[in-house]
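Some notes on the structure that comes next.
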Amino acid sequence: MSLIQRVTGSKIFRILTIGLLGGLPIVTVLGGFILLSYYSMFMPRSPQPEIGRIYRMRGPQYGNWVYVNEKELGRWNFIENDMGPVSVACAVILLVVGKRAGWFTKSRR
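For the sequence shown, my numbering assigns the number 259 to the last residue and increments by one with no breaks.
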């Protein structure tokens, strides 16, 4: 039995891998949804330069624009531009490793 077969056959490795690589995409999607919903409920619909809310951002409803400051826009850009591709990569890695290790096959009883 090779080292890779022993590691991928380990129940702890399986739980940690599925938890980390499968949990990150879920957390990213939920975080993006919560942040976008919060922004659409509480951010102004017109620019407010006196408090720095000058960056226009599309809300979840069609044609709905909200104005956020630079820090709030940075949060959204982090989730959308940085965590989005990382989450997709994690999901692909999980599927490849899981398929190779036989984690997603039905066992016969």
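Heads up, the beta-carbon is just placed ideally off N, CA and C, and yes, glycines get one too.
Non-local C-beta neighbours of G248 in its own chain, meaning closer than 6 Å and more than five positions away in sequence, comprise F254, ordered along the chain. Between R225 and W215, the C-beta gap is not smaller than 8 Å, which leaves the two residues out of contact. Every beta strand (DSSP E) of 3 residues or more that sits fully in the region 164-216 is shown, in chain order, as 205-208. Judged by DSSP secondary structure, N227 falls within the alpha helix (DSSP H) whose first and last residues are E220 to N227. Contact between the region 188-202 and the region 167-174 is absent: fewer than 3 CB-CB pairs across the two stretches fall below 8 Å. With contacts defined by Cβ atoms closer than 8 Å, R203 and P194 form a contacting pair. In this structure, L244 is the residue among L244, K256, A251 and G252 with its C-alpha nearest to the C-alpha of P175. In this model, L166 and V242 are separated by some 16 Å (Cα to Cα). Ranked by Cα distance from V218, the first of L185, K256 and V179 is L185.
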